[in-house]
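Per this note's numbering, the sequence shown runs over residues 585 to 801.
Notes for the one structure printed next.
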Amino acid sequence: MSIVLSAYKWVPPFAQGYVKDLRVRWALEEAGLPYEVRLIDGRDQASESYRRWQPFGQVPAYRDDEVEMFESGAIVLHLAARSAALAEPSAAGLARASTWVLAALNSIEPFAQDLIRVVDAPPGEPWQAQRRPQVEAQLNRRLAALDGWLGDKDWLEGRFTAGDLVMTTVLRELVDSGALAAFPTLDAYRRRGEARPAFGRAMEGQLQAFRDNAPAA
Ligand SMILES: N[C@@H](CCC(=O)N[C@@H](CS)C(=O)NCC(=O)O)C(=O)O
């Protein structure tokens, strides 16, 4: 199968290691599927041809011999349907992995992003201090529920699935805010995901492109 994935040539340091093509690179590495990366810049993002591939001009976009698609969660699920490394190879196994991919993107990430927006707001904005406790309380309720489900398991379904892959990428977004400090079990789960060799290869692939295309100082 010939697989092509889009990613940025370069992004500012704060975003390096967090661009969402990482999810797809990681899934491909777990599945052991070879792939090519098409590196794009702002001009490509705005082009009509790229918008036909990714309507919002974002990364990642993906194509293989069967389909062209976008949205990192959808791409990871497409790969999970093709690799036992990402889901139990049965309809029920794929449904369970899909459940956790959607839970990561729908039930955790919006709350994580609310907190990140507050934390990253310019200092001194009065709404920031007012909103933070409410946003933290909402996020903590979700994290406590996730923590309760994980319990003493290594992975959400007992074995690693696409759901753990996407959930790890969502939890990583919370490290800088300190939000995981109150949830050592979830933080250890996040670290377990990041310790997987496939994650390391995916990260290195993303960072290598940024090193190769760093603007001249
Ligand atoms: N929901 C999309 C989000 C993709 C996304 O946010 N991509 C960012 C990079 S991490 C991007 O390309 N941002 C540029 C933009 O929105 O113009 C997905 O998961 O694929």
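All residues carry an ideal CB built from backbone N, CA and C; glycine is no exception.
Note on TRP637: 16 or more other CB atoms within 10 angstroms of its CB, so buried under the neighbour-count rule.
Between the alpha carbons of PRO596 and ILE700 lies a gap of roughly 17 Å. Selection around ligand 1 by beta-carbon proximity, strictly under 5 Å to any non-hydrogen atom, yields VAL603, LYS604, GLN642, VAL643, GLU655, SER656 in chain order. Segment contact: the region 675-683 against the region 692-709, fewer than three CB-CB distances shorter than 8 Å; contact not assigned.
Between LEU770 and LEU740, the gap from beta carbon to beta carbon reaches 8 Å or more.
The beta-carbon distance between GLN629 and GLY641, rounded to whole angstroms, is 4 Å. This is short enough to meet the 8 Å contact definition. Counting along the chain, no alpha helix (DSSP H) covers VAL621; the unbroken beta strand (DSSP E) around it starts and ends at 620-624. Annotation: LEU734 to ALA800 spans about 46 Å, alpha carbon to alpha carbon. Under the DSSP definition of a beta bridge, SER590 partners with ARG622. Counting C-beta pairs closer than 8 Å gives fewer than three between the region 756-772 and the region 610-626, which falls short of the contact rule.
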